[in-house]
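> If you read the sequences in order, they're chains Z and U. Numbers given in the numbering used here equal positions in the first sequence, counted from 1, plus 516. Numbers given in the numbering used here equal positions in the second sequence, counted from 1, plus 3. All C-beta atoms in this analysis are idealised placements derived from N, C-alpha and C, irrespective of residue type, glycine included. Computed from a prediction, not measured in an experiment: that's the story for all the values here.
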Amino acid sequence: MMTMKRLINLKRAEARRIYLTYAVVIIAYVVCQIMSSTKFFSSSMRGMLVPICAYMVMAVSLNLVVGILGELSLGHAGFMSVGAFAGVTSAILMQGTITNAPVRLALAMIIAAIFAAIAGFLIGIPVLRLKGDYLAIVTLAFGEIIKSILNNFYLGVDSQGLHFSMLSDTTRLLKGGRLIIRGPMGISGIQKIATFPAGFVLLMIALMIVFNLVNSRSGRAFMAIRDDRIAAESIGLDITKYKMMAFVMSAAIAGAAGALFAMNYSTIVANKFDFNTSILILVFVVLGGQGNMLGGIIAAAVLTILPEKLRQFSEYRMLLYAVVLIVMMLATNNAEIRAFLSGLNPFRRKEEAE
Amino acid sequence: MKKILTCAVLVLAMAASAFGAGFKIGGTGPLTGGAAIYGTAAMRGAQIAVDEINASGGEIQFELRYEDDTHDAEKAVNAYNALKDWGMQVSLGSVTSKPAEATAAENFSDRIFALTPSASSAAVTEGKDNVFQMCFVDPNQGTASAQYIASKNLAKKVAIIWKNDDVYSKGIRDTFVEKAPEVGLEVVSETTFADGNDTDFSVQLTEAKEKGAELVFLPMYYQPASLILAQAQAMGYAPKWFGVDGMDGILTMEGFDKALAEGVMLLTPFNADAKDEKTQKFVAEYQKRFGEIPNQFAADGYDCVYAYCQALAQAKATPDMDAEALCPKMIEQFTTMTFNGVTGENVKWAANGEVTKDPKGMVIKDGAYVGLD
């Protein structure tokens, strides 16, 4: 009943945009599935499907904080790494008991999301008291702190249960035990259970969560805080509560994406989730348009495939990548090109006619 | 019309590559970014070997392709897939350890044989029957260094500065510390650094100095090592310095004052000063092409290609065999053959992919690597 009401209350244009996003994602998935089952897809493309899904989910997750809540977070890769390590560790621990790989993957992603949400909550307590530039800088610092902690974290398992130590390995595992997280060496020997369908399902779930949240009472509160903090406060909105809600939700989604990403490779290190990765995700969001989920998803796909397609230019690859990025940024911000693009969009045209 | 023409060209190109006489050999390595010296050196070494073998006109011919992985596991898998699309038959794995772990898993599941020039972490070959190494594994380097220091009586009190967020550094440090008491070395100071705080080493150096270390062991890559050397000189601390193969390359680093590295010792399997004909020929060619003395990575890359040449010839392999058919043949050859290259004589491989060869001690004298023995 509530959802029905909500849908009716939703502005039509907004509803169209949401359905368009779902439709594009589903069509893209079906096309990719068909292509990859034929010989038409190169192994290079096939290998990128799962990381692209993970990056898309990251873009959706960060868009919630940057686009909807209007706060700049520069440490999002930190939550991804918490999710990656928590997810992989739980997947390894479950190897003996749950033999069904998709079930194990799903459980691992849920555990990853819970751990990342806890990290998001703890970090949110100090961070969300700040605003603007200060908040951005502190999230950057926390991203680095998470990386540093994971680089000095050792976790092993043996017949006595789990053991952990910091700084150096003092877990003293019994015979037959396995050191899972090995500080700077990260985790090795991961079973690669992440699959493209799993990535698709995760992306759809992330989109549903974010769209439903954005179009709820809380979502309107987020946007009120974004547009005018003082006005929002004056009408009695609990700013910290709503900010925390968005931040924790975003961290949880990022954690699940991290677990998916990590389980696509046989090895993972904390250094992978550094400042550069945080910025890369921010670039997806900015290029796709803040608050625009579909834009972020497309940007994530394009910017992951682009450097691979530029391989033929060898040394000039990253230079060209930068040039293409600048051109794209300029082009998507150009009023004439935007008008041209929106002319191509059948939904948009009707909207203007209304 | 244009389309037809393009198609024709494509078909011709494909035909040419199919009937091309060479084995397609591919590798990934950091060709850009912080670790680029290693990737570039391995690629250049391999290229020289390929050109030499092709020029000699023997039965075995090669086509070499290297892809950039920027020292990142994700990019390395992408690069590996690009090589697979190209039709790689045997692989040179990856140059650096962590990317190599990721690509080795792909090699294993795709049944494409790999011989990595320089990825030294033990996890690269662990549990994979078709992944082999041309260099020592990290743990061996730590043990060998401790033994070498003790047997040459270089010092009794040793300080270690290591990078605690780096696989390579940690692997060597762990085994060094384990071996040190056995051979009578005392580790008096052990200090660390990490990415992000790798520019100021005054704390680490002061501690080493105060604890009276006669020798400082630096299991790390050359970049931080160059800063340590400069800062030690600035504070007037002059112990003996001992590095491992990551130190190799310090002399060709841009903007580095070679005088700082004077007297630095390092353990590496390759000595560019060696008098044997093979090494001299390789060094001369490398210098002619690239204007610098090759480091150990270049030599490893060079040896990898020659090892493949030998193995493929002995297995009577032909370029029309696919990667899956070549894989068991290569496993059989590498576990049984003995190889003589520029990084060692009587090189042998164990079934787990690890290599056995003797490390050589080197010292930097007048801005060049000189054999220590």
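#1: Would residue 208 (chain U) pass as a contact of residue 175 (chain U) if the rule is Cβ separation under 8 Å?
#2: Scan the region 761-789 of chain Z for residues whose Cβ lies nearer than 9 Å to a Cβ of chain U and list them as they occur along the chain.
#3: Give the secondary structure of residue 12 (chain U) by DSSP, where H, G and I count as helix, E and B as strand, and everything else as coil.
#4: For residue 104 (chain U) and residue 76 (chain U), which I take to be in contact (beta-carbon distance under 8 Å), what is that distance rounded to the nearest angstrom?
#5: Interface residues of chain U around residue 563 (chain Z) at Cβ under 7 Å?
#6: So what's residue 781 (chain Z) in DSSP terms, helix, strand or just coil?
#7: Please report how far the alpha carbon of residue 500 (chain Z) lies from the alpha carbon of residue 622 (chain Z), in whole angstroms.
#8: Any C-beta of chain U sitting closer than 8 Å to the C-beta of residue 530 (chain Z)?
#9: I want to see whether chain U comes within less than 8 Å of residue 599 (chain Z), judged by CB atoms only; does it?
#10: Does DSSP put residue 585 (chain Z) in a helix, in a strand, or in coil?
#11: Judging by CA-CA distance, which residue of Z:805, Z:570, Z:634 is the nearest neighbour of residue 850 (chain Z)?
#12: Determine, using beta-carbon pairs with one atom in the region 753-765 of chain Z and one in the region 609-621 of chain Z, whether at least three such pairs fall under 8 Å.
#13: By DSSP, does residue 367 (chain U) sit in helix, in strand, or in coil?
#14: Quick one: is residue 558 (chain Z) near chain U, going by C-beta distance under 8 Å?
#15: Could you tell me if residue 682 (chain Z) is buried or exposed, where buried requires 16 or more neighbouring beta carbons within 10 angstroms of its beta carbon?
#16: Quick check on the burial criterion: 16 or more other C-beta atoms within 10 angstroms. Buried or exposed for residue 364 (chain U)?
#17: Flag residue 705 (chain Z) as yes if its beta-carbon sits less than 8 Å from any beta-carbon of chain U, otherwise no.
#18: Could you give the distance in angstroms between the alpha-carbon of residue 678 (chain Z) and the alpha-carbon of residue 688 (chain Z)?
#19: Count the other C-beta atoms from every protein chain shown that fall within 10 angstroms of the C-beta of residue 553 (chain Z), then say buried if there are 16 or more, exposed otherwise.
#20: Mind listing the chain Z neighbours of residue 167 (chain U)? Cutoff is C-beta to C-beta under 9 Å, in chain order.
#21: In chain order, what residues of the region 55-71 of chain U put their CB closer than 8 Å to some CB of chain Z?
#22: Which first and last residues belong to the alpha helix (DSSP H) in which residue 55 (chain U) is found?
#23: Buried or exposed for residue 196 (chain U), please, with buried defined as at least 16 other CB atoms from any protein chain shown within 10 angstroms of its CB.
#24: Curious, which full-length beta strand (DSSP E) runs of at least 3 residues does the region 664-697 of chain Z contain?
#25: Would DSSP call residue 613 (chain Z) helix, strand or coil?
#26: Taking the alpha-carbon positions, what's the residue 762 (chain Z) to residue 123 (chain U) distance?
#27: If we count the other Cβ atoms within 10 Å of its Cβ and call it buried at 16 or more, is residue 47 (chain U) buried or exposed?
#28: Between the region 588-600 of chain Z and the region 767-778 of chain Z, can you find at least three pairs of beta-carbon atoms closer than 8 Å?
#29: Under the rule that 16 or more other beta-carbon atoms within 10 Å means buried, what is residue 659 (chain Z), buried or exposed?
#30: Could you tell me whether the region 732-739 of chain Z touches the region 572-592 of chain Z, where touching means 3 or more Cβ pairs closer than 8 Å?
#31: Mapping the DSSP letters down to three states, classify residue 163 (chain U) as helix, strand or coil.
#32: List the residues of chain U whose Cβ lies closer than 7 Å to the Cβ of residue 834 (chain Z), in chain order.
#33: So which residues on chain Z does residue 384 (chain U) lean against when the C-beta distance must stay under 8 Å?
#34: At a Cβ threshold of 8 Å, is residue 199 (chain U) touching chain Z?
#35: Identify each residue in the region 152-181 of chain U for which the Cβ-Cβ distance to at least one residue of chain B is less than 7 Å, and report them in chain order.
#36: Run the CB neighbour count on residue 672 (chain Z), radius 10 Å, all protein chains shown included, and call it buried at 16 or more, exposed below.
Reading it off the structure:
#1: Locating residue 208 (chain U) in the second sequence gives position 205, counting from the first residue. Locating residue 175 (chain U) in the second sequence gives position 172, counting from the first residue. No. Outside cutoff.
#2: From the region 761-789 of chain Z, only 777, 780, 781, 782, 783, 784, 785, 786, 787, 788 have a Cβ closer than 9 Å to chain U.
#3: Taking the first residue of the second sequence as position 1, residue 12 (chain U) is located at position 9. Note that residue 12 (chain U) has pLDDT 45, beneath the 50 cutoff, so the model's placement of it is unreliable and no number is given.
#4: Here residue 104 (chain U) is taken as the residue at index 101 of the second sequence, counted from 1. Here residue 76 (chain U) is taken as the residue at index 73 of the second sequence, counted from 1. Confirmed, Cβ separation roughly 7 Å.
#5: The count along the first sequence starts at 1 and reaches residue 563 (chain Z) at position 47. Those are 80, 81, 84, listed as they occur along chain U.
#6: Reading the first sequence from its first residue, position 265 is the one you call residue 781 (chain Z). It is coil, neither helix nor strand.
#7: In the structure displayed, chain Z extends from 517 to 870; residue 500 (chain Z) sits before or after that span and is not available.
#8: The residue labelled residue 530 (chain Z) in the question sits at position 14 within the first sequence. Residue 530 (chain Z) does not count as touching chain U.
#9: Taking the first residue of the first sequence as position 1, residue 599 (chain Z) is located at position 83. No, because no Cβ of chain U sits closer than 8 Å to the Cβ of residue 599 (chain Z).
#10: The residue you call residue 585 (chain Z) lines up with position 69 of the first sequence. Here residue 585 (chain Z) sits in coil by DSSP.
#11: Here residue 850 (chain Z) is taken as the residue at index 334 of the first sequence, counted from 1. Of the candidates Z:805, Z:570, Z:634, the one whose C-alpha sits nearest the C-alpha of residue 850 (chain Z) is Z:805.
#12: At 8 Å Cβ cutoff, the stretches do not touch.
#13: Within the second sequence, numbered from 1, the residue matching residue 367 (chain U) stands at position 364. Three-state result, residue 367 (chain U): strand.
#14: Against the first sequence, residue 558 (chain Z) aligns to sequence position 42. With 8 Å as the cut-off, residue 558 (chain Z) counts as an interface residue toward chain U.
#15: Within the first sequence, the letter at position 166 stands for residue 682 (chain Z). Within 10 angstroms of the beta-carbon of residue 682 (chain Z) lie fewer than 16 other beta-carbons, which makes it exposed.
#16: Against the second sequence, residue 364 (chain U) aligns to sequence position 361. Under this definition residue 364 (chain U) is a buried residue.
#17: To locate residue 705 (chain Z), count along the first sequence from 1; it is residue 189. It does: the Cβ of residue 705 (chain Z) has a partner Cβ on chain U nearer than 8 Å.
#18: For this step, residue 678 (chain Z) is matched to residue 162 along the first sequence. For this step, residue 688 (chain Z) is matched to residue 172 along the first sequence. Each residue's alpha carbon lies about 11 Å from the other.
#19: Within the first sequence, the letter at position 37 stands for residue 553 (chain Z). Counting Cβ neighbours within 10 Å, residue 553 (chain Z) comes out exposed, since fewer than 16 surround it.
#20: One-based indexing of the second sequence puts residue 167 (chain U) at position 164. Result: 667, 668, 683, 684, 699, 700.
#21: Closer than 8 Å at the C-beta level to chain Z, one finds these residues of the region 55-71 of chain U: 70, 71.
#22: On the second sequence, position 52 is the one that residue 55 (chain U) refers to. Where residue 55 (chain U) is concerned, the enclosing alpha helix (DSSP H) stretches over 39-59.
#23: Here residue 196 (chain U) refers to the residue found at position 193 when the second sequence is read from its first residue. With at least 16 other beta carbons inside 10 angstroms of its own, residue 196 (chain U) counts as buried.
#24: Listed in chain order, they are 669-674, 677-682.
#25: Locating residue 613 (chain Z) in the first sequence gives position 97, counting from the first residue. DSSP places residue 613 (chain Z) in coil when its eight states are reduced to three.
#26: Indexing the first sequence from 1 puts residue 762 (chain Z) at position 246. Indexing the second sequence from 1 puts residue 123 (chain U) at position 120. About 44 Å.
#27: Residue mapping note: residue 47 (chain U) aligns to position 44 of the second sequence, counting from 1. Classification for residue 47 (chain U): buried.
#28: Yes, they touch.
#29: Within the first sequence, the letter at position 143 stands for residue 659 (chain Z). Buried is the call here.
#30: Short answer: they touch.
#31: Working through the second sequence from its first residue, we reach residue 163 (chain U) at position 160. Under the three-state reduction of DSSP, residue 163 (chain U) is assigned to strand.
#32: As a position in the first sequence, residue 834 (chain Z) is number 318, starting the count at 1. In chain order, 35 make up the part of chain U whose C-beta sits under 7 Å from the C-beta of residue 834 (chain Z).
#33: Residue 384 (chain U) lies beyond the stretch modelled for chain U, which goes from 4 to 376, so this question has no answer here.
#34: In the second sequence, the residue the question calls residue 199 (chain U) occupies position 196. Residue-level contact by beta carbon holds for residue 199 (chain U) and chain Z, with a gap shorter than 8 Å.
#35: Included in the structure are the protein chains Z and U, with no chain B among them.
#36: For the purposes of this step, residue 672 (chain Z) is taken as residue 156 along the first sequence, with counting starting at 1. Flag for residue 672 (chain Z) reads buried.
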